[in-house]
Amino acid sequence: MKSIKLILWLFFACQCPAQISDFKSINFKKADSIALAYKGEELTHLPDLSYKLTSSLNTDVERFRAIYKWVCTNIANDYSLYTKNNRKRNRFKDDPLKLKAWNTTFKKTLFKTLIKDKRTICTGYAYLLKELAQFAGLNCKIVQGYGRVSSTDIENLERPNHSWNVVKLNNKWYLCDPTWASGIPNTETNQFTFKYNDGFFLADPQLFAINHFPVEAKWSLLNGDNSSLKGFLKHPIIYGQAYKHLVLHNTPKQLHQVIKKHERITFNYQLKDMTKAKEVHFIIANGFSDWIAKPTQTTIKKTNLELEYYFKTTGFYDLHVYIGKDLISTYTIKVI
Amino acid sequence: MKTQLKLTQKKGFKTLSFVGIMMLTLFVFNSSYGQAQNQQEVTKEKFTVKGNVSSEDGPLPGANIILKGTKMGIVSDFNGDFTFPKSLKATDILVFTYLGYEKVEVVINKDRTFLKIKMVTAAVEIIGALDSAKPYKSKRKN
Chain A
24 MKSIKLILWL FFACQCPAQI SDFKSINFKK ADSIALAYKG EELTHLPDLS
74 YKLTSSLNTD VERFRAIYKW VCTNIANDYS LYTKNNRKRN RFKDDPLKLK
124 AWNTTFKKTL FKTLIKDKRT ICTGYAYLLK ELAQFAGLNC KIVQGYGRVS
174 STDIENLERP NHSWNVVKLN NKWYLCDPTW ASGIPNTETN QFTFKYNDGF
224 FLADPQLFAI NHFPVEAKWS LLNGDNSSLK GFLKHPIIYG QAYKHLVLHN
274 TPKQLHQVIK KHERITFNYQ LKDMTKAKEV HFIIANGFSD WIAKPTQTTI
324 KKTNLELEYY FKTTGFYDLH VYIGKDLIST YTIKVI
Chain B
219 MKTQLKLTQK KGFKTLSFVG IMMLTLFVFN SSYGQAQNQQ EVTKEKFTVK
269 GNVSSEDGPL PGANIILKGT KMGIVSDFNG DFTFPKSLKA TDILVFTYLG
319 YEKVEVVINK DRTFLKIKMV TAAVEIIGAL DSAKPYKSKR KN
């Protein structure tokens with residue numbers, strides 16, 4: 024009898040909106056295996072694809088996960104579309120009519136390429152993710168904004184150049200970036216290799232804000248704690264692998280640093296896996312040569328990692344932080 | 219012995235009444251049951267819905283047309299034409315979708331059995347920044 028009562032209570036509980044604010048206890052294995060099972064499906068029947076991916080899952084976060092994982096592992100970055108669009112948008116940047124006309128024409132090409140070849144650029148990823156999620160009854164939106172990576176002209180991001188998504192799960196908004204999670208294009212060979220990076224799924228808003236700046240401030244999800252675009256453009260450069268290893272990037276807060284000879288500069292991060300702390304090292308470049316360096320001092324407090332370093336000679340250095348083989352972040356350091 | 223029997227009986231009744239209350243509340247508060255019945259009583263008439271889907275470039279083949287809330291649907295043919303496979307009743311909603319176009323929802327009524335649907339391209343600014351694993355390199359004058 025007790026078990027019947029329990030089942031009935033559970034039945035009731037399932038009819039109420041769930042209140043879990045954290046999904047760490049949820050295992051995404053089932054959602055991921057469903058995404059894998061439908062690998063190679065076509066984009067001609069989106070309602071059907073969305074149903075296939077989500078119908079056997081019980082929670083919204085798992086449903087969203089299956090769709091997200093499918094998009095990230097089935098849609099390739101198209102570097103030639105990207106360069107073409109970039110070139111034209113640059114050319115028409117001061118001519119709103121021509122820019123609008125270009126957007127209309129290009130939009131058609133973009134969606135045709137997405138359906139036919141399953142290749143696209145950011146907006147295509149964000150749009151497809153939103154559509155599939157909406158068919159599954161999930162509240163998912165596209166966020167337009169500025170994305171800051173090592174290859175963009177990082178000091179002069181004049182116009183929004185990137186799209187990502189927000190999704191509402193259990194009454195709370197979460198961030199994700201399907202484009203950057205799918206892999207990294209080789210800009211020289213125009214080849215794309217899928218390499219799923221889980222760090223961009225429901226990413227921490229504070230880490231996300233280091234290289235994502237939304238046009239609409241509320242989508243930073245930082246609750247008013249936003250920096251200005253000018254401030255954003257001064258951020259350090261963090262790479263995709265930062266999302267794999269870091270919970271938070273605390274300091275240095277800016278890309279360009281000026282210190283004196285023998286003055287210590289501090290790097291402070293919160294790591295997901297503290298055992299990786301011993302694999303942290305720097306690669307320093309001065310324009311003539313590169314060398315590997317170890318932090319002068321390493322302090323570990325719970326999940327917090329603090330590194331210190333000083334230079335013995337004046338100069339201008341690019342300092343890259345690595346964890347193992349993974350490039351995490353870059354700063355420039357002028358030593359006077 | 220007797221009292222024991224009574225006790226278990228009492229317990230049984232308690233659980234039964236608990237189950238009863240649960241079931242009752244379920245039916246009372248579950249609005250979908252009520253709705254479905256009402257609709258059937260009001261409109262029993264069913265009819266075939268046909269139509270044509272187009273975009274600004276002409277007929278739109280391959281548009282998805284589904285009955286809202288179900289998996290049932292069809293795809294528009296080469297000329298953008300379609301005949302929905304199931305007879306529909308008033309208040310049913312057909313959802314028209316095509317990747318890159320705004321979704322269209324149409325409420326069916328018996329005066330509207332031929333639908334001319336014009337789909338418009340999604341209002342979205344196309345942009346894209348690609349991630350790079352290339353280490354950043356400062357521009358140096360020397």
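The listed protein sequences correspond, in order, to chains A and B.
If you're matching positions, the first sequence starts at 24 in the numbering used here and goes up one per residue.
If you're matching positions, the second sequence starts at 219 in the numbering used here and goes up one per residue.
Built from N, CA and C at the ideal position, the CB exists for glycine as well.
None of these values were measured; they are calculated from a predicted model.
Only counting the same chain, and skipping five residues up and downstream in sequence, which positions put a Cβ closer than 6 Å to that of residue i?
i, result
"LEU72 (chain A)", "GLU64"
"THR368 (chain B)", "In the structure as shown, chain B begins at 219 and stops at 360. Residue 368 (chain B) is therefore absent and cannot be evaluated."
"PHE290 (chain A)", "LEU330"
"TYR251 (chain B)", "Bear in mind that the predicted position of TYR251 (chain B) carries a pLDDT of just 44, short of 50, making it too unreliable to give a figure here."
"LYS111 (chain A)", "TRP125"
"LYS357 (chain A)", "VAL281, PHE339"
"ILE346 (chain A)", "HIS268, LYS299, GLU302, VAL303"
Contact defined as beta carbons within less than 8 Å: I believe residue i pairs with residue j. What is the distance between those atoms, to the nearest angstrom?
i, j, result
"ILE311 (chain B)", "GLU323 (chain B)", "6 Å"
"ILE98 (chain A)", "LYS130 (chain A)", "Contact flag wrong, Cβ pair sits at about 17 Å."
"PRO228 (chain A)", "LEU252 (chain A)", "The pair is not a contact, with the Cβ atoms about 17 Å apart (cut-off 8 Å)."
"THR143 (chain A)", "LEU152 (chain A)", "With a Cβ gap of about 11 Å, THR143 (chain A) and LEU152 (chain A) do not count as contacting."
"ASP349 (chain B)", "GLY168 (chain A)", "In fact, because the Cβ distance is near 15 Å, the residues do not count as touching under 8 Å."
"ASN194 (chain A)", "LYS164 (chain A)", "The Cβ separation is near 15 Å, so there is no contact."
With burial defined as no fewer than 16 other Cβ atoms inside 10 Å of the residue's Cβ, what is the status of residue i: buried or exposed?
i, result
"LEU59 (chain A)", "exposed"
"ALA347 (chain B)", "buried"
"GLU259 (chain B)", "A caution first: GLU259 (chain B) carries a pLDDT of 49, below 50, which makes its placement in the model unreliable, though a value can still be read off. Answer is exposed; the Cβ neighbour count stays below 16."
"PRO119 (chain A)", "exposed"
"GLY298 (chain B)", "buried"
"THR212 (chain A)", "exposed"
"THR14 (chain A)", "Residue 14 (chain A) is absent from the model: chain A starts at 24 and stops at 359."
"PHE311 (chain A)", "exposed"
"VAL342 (chain B)", "buried"
"ASN100 (chain A)", "buried"
Based on the DSSP secondary-structure assignment, which residues constitute the bridge partners of residue i?
i, result
"TRP196 (chain A)", "A:LYS191"
"THR185 (chain A)", "It is worth fixing the name first, because residue 185 (chain A) is His in this sequence and not Thr. DSSP output for HIS185 (chain A) lists A:GLY168 as bridge partner(s)."
"GLN320 (chain A)", "A:GLU331"
"ILE344 (chain B)", "Answer is none; ILE344 (chain B) lacks a bridge partner."
"GLY338 (chain A)", "A:VAL358"
"SER48 (chain A)", "Paired residues: none, contrary to the question."
"GLY254 (chain A)", "Per DSSP, none; premise fails for GLY254 (chain A)."
"GLU323 (chain B)", "B:VAL313"
"PHE217 (chain A)", "A:GLY206"
"LYS307 (chain B)", "B:LYS264"
"LYS334 (chain B)", "B:ASN270"
"SER366 (chain A)", "A query on residue 366 (chain A) cannot be resolved here, the shown segment of chain A reaching from 24 to 359 and no further."
Identify, in the order they occur along the chain, each residue of the same chain with its Cβ nearer than 8 Å to the Cβ of residue i, setting aside the five sequence neighbours on each side.
i, result
"TYR219 (chain A)", "LYS92, CYS95, THR96, ALA204, SER205, GLY206"
"LEU76 (chain A)", "ILE57, ALA58, TYR61, ARG86, ALA89, ILE90, TRP93, LEU155, ALA159"
"LYS286 (chain B)", "ASP310, ILE311, LEU312, VAL313, GLU323"
"THR355 (chain A)", "LEU278, HIS279, GLN280, PHE339, TYR340, ASP341, LEU342"
"LEU259 (chain A)", "Strictly speaking, residue 259 (chain A) in this sequence is Pro, with Leu absent from that position. Around PRO259 (chain A): ILE233, HIS272, PRO275, LYS276, GLN277, LEU278, SER352, THR353, TYR354."
Among the options, which residue has its Cα nearest to the Cα of residue i?
i, options, result
"HIS285 (chain A)", "A:TRP314, A:LEU278, A:TYR333", "A:TYR333"
"ASN273 (chain A)", "A:GLN293, A:GLY338, A:LYS348, A:ILE323", "A:GLN293"
"GLY291 (chain B)", "B:LYS304, B:GLY318, B:ILE344", "B:LYS304"
"ILE233 (chain A)", "A:LYS116, A:LEU271, A:ALA156, A:SER186", "A:LEU271"
"ILE335 (chain B)", "B:LYS264, B:GLU263, B:LYS268", "B:LYS268"
"LEU104 (chain A)", "A:LEU225, A:ARG88, A:ASP83, A:PHE134", "A:PHE134"
"THR319 (chain A)", "A:PHE311, A:PHE305, A:LYS325", "A:PHE305"
"LEU256 (chain A)", "A:HIS279, A:ASN188, A:HIS268", "A:HIS279"
"ALA308 (chain B)", "B:ALA281, B:VAL325, B:TYR354, B:PRO353", "B:VAL325"
"GLU263 (chain B)", "B:ALA340, B:SER350, B:LYS328", "B:LYS328"
"LEU80 (chain A)", "A:LYS241, A:ASP221, A:ARG114, A:PHE51", "A:PHE51"
"ALA149 (chain A)", "A:ARG171, A:LEU122, A:PHE223", "A:PHE223"
With a threshold of 7 Å on Cβ separation, who are the neighbours of residue i within its own chain once the five nearest residues in sequence on each side are excluded?
i, result
"LEU278 (chain B)", "VAL271, SER272, SER294, GLY298, TYR316, MET337"
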